[in-house]
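Throughout, the working numbering is defined as the position within the first sequence, counted from one, plus 3.
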Amino acid sequence: MLDINLIRNNPEVVRENQKKRNLDPADVDKILELDRIWRENLQVLERLRNLKNRKVLEISLKLKKGEDASSERDEVKKLNDDIERVENIVEEVKRKRDSLLWKMPNILDEDVPYGKDENDNVPFRFWGRAKVFREDLDNFLRDSKGSMEYEIIEDRPLSHTDLIEKYDLADTLRAGKVAGSRFYYLKRDLVKLELALEMFALDHLVEKGFIPVEPPFMLTRRAMEGATDLSSFEETIYKVENEDLYLIATSEHPLAAYHMDEIIEENSLPLKYAGISPCFRKEAGAHGKDTKGIFRVHQFNKVEQFIYCHPEESRKFHEEILRNAEEIYQKLELPYRVINICSGDIGNVASKKYDIEVWMPAQGKFREVVSASNVKDYQARRLNIRVRGRYGNYYPHTLNSTAVATTRTMVAIIENHQDGDGIRIPDPLVKYFGKDFIKIK
RNA sequence: GCGGGGAUAGCCUAGCGGUAGGGCGACGGCCUGCUAAGCCGUUAUCCGAAAGGAUUCGAGGGUUCGAAUCCCUCUCCCCGCGCCA
Numbered sequence: 004m005l006d007i008n009l010i011r012n013n014p015e016v017v018r019e020n021q022k023k024r025n026l027d028p029a030d031v032d033k034i035l036e037l038d039r040i041w042r043e044n045l046q047v048l049e050r051l052r053n054l055k056n057r058k059v060l061e062i063s064l065k066l067k068k069g070e071d072a073s074s075e076r077d078e079v080k081k082l083n084d085d086i087e088r089v090e091n092i093v094e095e096v097k098r099k100r101d102s103l104l105w106k107m108p109n110i111l112d113e114d115v116p117y118g119k120d121e122n123d124n125v126p127f128r129f130w131g132r133a134k135v136f137r138e139d140l141d142n143f144l145r146d147s148k149g150s151m152e153y154e155i156i157e158d159r160p161l162s163h164t165d166l167i168e169k170y171d172l173a174d175t176l177r178a179g180k181v182a183g184s185r186f187y188y189l190k191r192d193l194v195k196l197e198l199a200l201e202m203f204a205l206d207h208l209v210e211k212g213f214i215p216v217e218p219p220f221m222l223t224r225r226a227m228e229g230a231t232d233l234s235s236f237e238e239t240i241y242k243v244e245n246e247d248l249y250l251i252a253t254s255e256h257p258l259a260a261y262h263m264d265e266i267i268e269e270n271s272l273p274l275k276y277a278g279i280s281p282c283f284r285k286e287a288g289a290h291g292k293d294t295k296g297i298f299r300v301h302q303f304n305k306v307e308q309f310i311y312c313h314p315e316e317s318r319k320f321h322e323e324i325l326r327n328a329e330e331i332y333q334k335l336e337l338p339y340r341v342i343n344i345c346s347g348d349i350g351n352v353a354s355k356k357y358d359i360e361v362w363m364p365a366q367g368k369f370r371e372v373v374s375a376s377n378v379k380d381y382q383a384r385r386l387n388i389r390v391r392g393r394y395g396n397y398y399p400h401t402l403n404s405t406a407v408a409t410t411r412t413m414v415a416i417i418e419n420h421q422d423g424d425g426i427r428i429p430d431p432l433v434k435y436f437g438k439d440f441i442k443i444k
């Protein structure tokens with residue numbers, strides 16, 4: 004949520020922000036107008052309440068002295084009617100103002116490139132040596148801006164979709180029977196590979212001072228609204244029927260809400276949490292995309308980085324969580340590029356967002372595996388999380404980033420590390436997985 | 001699920017129809033050669049340029065001129081009993 008004072012004092016900043024996001028700048032003026040009406044009526048209301056409080060005190064004193072107070076009593080009754088009338092106006096106007104305010108997206112960081120959609124995202128860093136099927140070379144050179152090492156391969160690797168079904172490492176057909184499309188039964192070596200990935204990512208973060216947390220997988224409306232934006236409720240969030248509970252789409256949600264309504268001591272910052280949880284997503288609006296396999300699914304597991312920090316440190320920590328995620332993909336020997344998400348593709352909550360996209364040799368393109376956001380004070384405001392500072396309370400900044408989303412990372416491993424008659428397991432996973440190869444032939 | 005006890009500002013606690021009091025902690029100041037002690041002040045939210053005012057006793061209703069206090073509904077926590085992976 005935005006600071007109402009920012010809208011009052013610098014409305015042109017917020018209008019500019021709306022334009023960059025291809026949204027209507029007039030929303031700002033609607034809020035300003037409602038805010039003005041609210042404040043006017045609030046002043047009237049408070050004057051009436053003050054009058055009433057003084058009368059009530061008079062009655063109290065008169066009764067103590069044994070005097071009659073029936074005329075004051077009637078006056079208060081009359082005041083109560085006026086108060087109720089104005090209260091209704093104040094509440095109604097404030098409700099309208101806040102409902103618009105809650106829909107306002109975060110102010111974009113100055114580093115966010117302007118753009119209409121995902122085609123305008125800006126790749127700026129490249130790592131690793133990609134295996135590129137000859138037919139994909141033009142696309143690869145375009146998407147890697149020619150700044151990435153590669154080797155040409157003469158055969159396209161098996162797609163993860165074909166491979167997992169053929170060698171019984173997952174069963175999406177039967178999952179479709181019992182749960183619908185975009186679900187899967189994970190089987191055999193992939194089950195352990197998933198656990199190995201989670202342990203590897205968790206240990207990587209614990210070493211860097213993150214506290215491991217397994218959060219609740221459901222949240223109340225209040226907590227969920229604070230952690231995410233309203234459009235998510237239609238597009239991604241599952242609701243539990245007849246309960247005030249929503250399935251989390253990422254452990255970012257319960258980790259953001261973890262300190263809801265709290266005041267954090269300044270000296271305990273930064274708070275660094277490594278969340279581990281399943282993620283549930285409706286994937287509405289993704290019809291026809293990645294319909295097979297386990298790349299885009301309604302349920303997957305993820306290890307997530309989440310940080311609460313002092314506002315002046317969030318830029319530093321944004322780079323840090325990105326670096327942590329990059330280290331993981333480097334150790335997994337998965338070639339990737341990092342992109343700076345543009346204003347049209349960034350979503351309402353983030354102020355700045357980086358994605359890591361791994362080169363997928365079977366698909367012949369870069370695919371998103373990590374998303375790292377600096378949310379600034381947007382979630383903290385919505386969740387009423389403050390920090391007690393030397394000179395008063397303030398809102399902390401929050402940041403989140405994927406460490407490992409298991410399904411997508413397994414897809415990346417299957418496509419990149421196919422080697423003869425199996426899949427090579429990258430070094431850091433071996434001690435968790437127990438072997439260095441998944442034999443498939 | 002049943003019975004009993006709770007929820008008061010960052011924390012603890014009093015108040016149980018008549019302007020929410022005390023303690024701890026934190027911060028600022030005074031006093032000290034320094035530290036401690038001691039003393040004074042500040043320590044939730046909102047409106048207001050300020051003076052000031054309004055709100056706030058788990059949440060929501062009700063009774064009353066007036067509710068932390070009385071009544072109703074709900075949430076959460078603690079102690080027993082029951083059920084249970």
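C-beta: ideal position from N, C-alpha, C; glycine also.
Please give me, in chain order, every unbroken run of the alpha helix (DSSP H) with length at least 4 that falls completely inside the region 264-337. 317-334
Which residue spans inside the region 152-182 form an unbroken alpha helix (DSSP H) run of at least 4? 163-169, 175-181
Taking PRO218 and VAL209 to be in contact with their CB atoms under 8 Å, please state how far apart those CB atoms are, rounded to whole angstroms. Not quite, the Cβ-Cβ distance comes to about 16 Å (not below 8 Å), so this is no contact.
Spatial neighbours of GLN382 in its chain, beta-carbon cut-off 8 Å, leaving aside the 5 residues before and after: GLY229, ALA230, ALA259, VAL352, ILE388, THR401
Leaving out five residues on either side along the sequence, give the residues of the same chain with a beta carbon under 8 Å from the beta carbon of ILE267. LEU274, TYR311, ILE388, ARG389, VAL390, ARG391, PRO399
Outcome for ASP247 when other beta-carbon atoms lying within 10 angstroms are tallied against a minimum of 16: exposed
For PHE440, write down the residues that DSSP places opposite it in a beta bridge. ARG427
Going by CA-CA distance only, name the one from GLY69, ILE349, LEU335, LEU166 that's closest to ASP424. LEU166
Consult DSSP for SER234 and reduce its assignment to one of helix, strand or coil. helix
Buried/exposed call for PHE309, threshold 16 Cβ in 10 Å: buried
By the three-class DSSP mapping on this structure, what secondary structure does SER374 have? strand
Which one of PHE129, ALA328, GLY395 has the shortest CA to CA distance from LYS148? PHE129
Short of 7 Å in beta carbon distance, which residues of its chain neighbour PHE27, apart from the five on each side in sequence? Order them along the chain. Reading off the sequence shown, one finds Asp at residue 27, where the question assumed Phe. Answer for ASP27: GLN21, listed in chain order.
Taking the alpha helix (DSSP H) that THR410 belongs to, which residues open and close that run? 409-419
Close beta carbons around LEU189, own chain, < 6 Å, minus the five adjacent residues each side: ALA173
Can you tell me which of the three DSSP states PHE143 falls into? helix
Grab the span of the beta strand (DSSP E) containing ILE251 for me, first residue to last. Segment: none, ILE251 is in no beta strand (DSSP E) and carries neither H nor E.
Assuming TYR117 is part of the alpha helix (DSSP H), what are its boundary residues? Taken as a continuous stretch (DSSP letters only), TYR117 belongs to no alpha helix (DSSP H), as it is neither H nor E.
For PHE129, the residue or residues it bridges with in DSSP: Answer is ARG340.
Once the 5 residues before and after ARG393 are set aside, which same chain residues still bring their CB inside 8 Å of it? GLU269
Using the C-alpha atoms, what's the distance from VAL341 back to GLY179? 34 Å
Answer yes if the region 80-92 comes into contact with the region 118-138, meaning at least three C-beta pairs across the two stretches below 8 Å, and no otherwise. no
VAL361 beta carbon less than 8 Å from that of LEU386: In terms of Cβ geometry, LEU386 and VAL361 do not form a close pair [threshold 8 Å].
State the DSSP-derived secondary structure class of ILE34, mapped to helix, strand or coil. In the structure shown, ILE34 sits in a helix (DSSP, three-state: H, G or I).
Please report the Cβ distance between ALA406 and VAL306, rounded to the nearest whole angstrom; I am assuming they are in contact, meaning their Cβ atoms lie under 8 Å. So it is a contact: roughly 4 Å between Cβ atoms.
Between ASP422 and the ligand GTP, is the CB less than 7 Å from at least one heavy atom? Ligands displayed in this structure: none; no statement on the ligand GTP is therefore possible.
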